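Contents: one structure, followed by commentary.
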């Protein structure tokens, strides 16, 4: 099975040096999509009202094959 690497960018890069063996690219895309809500759930409560989270998927040849981004924007509405 091919190995895919999931680099997370959420204020600083977190490079995946280990990777995960998956059946193919569709499974890698799905994993990237499922990582984003988990990252956001942990990081949004920690700070500011503006956050961008990106997962970059690389294949075994270190070639980028997919990128997914989730953006959070909060605005306080006060009277």
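Residue numbers (full-length UniProt numbering): 1 to 79.
We treat Cβ as the ideally placed atom computed from N, Cα and C, and that holds for glycine.
Treat the numbers as computed from the prediction; the structure is a model and nothing was measured.
Whole-angstrom distance between residue 74 and residue 50, CA atom to CA atom: 6 Å
Three-state secondary structure (DSSP) of residue 2: coil
In whole angstroms, give me the CA-to-CA distance for residue 24 and residue 78. 48 Å
Could you please give the first and the last residue of the uninterrupted alpha helix (DSSP H) stretch that includes residue 68? Unbroken run through residue 68 is the beta strand (DSSP E), 64 to 73; no alpha helix (DSSP H).
Proximal residues to residue 60 (C-beta, below 7 Å), its chain only, five neighbours per side dropped: 2, 3
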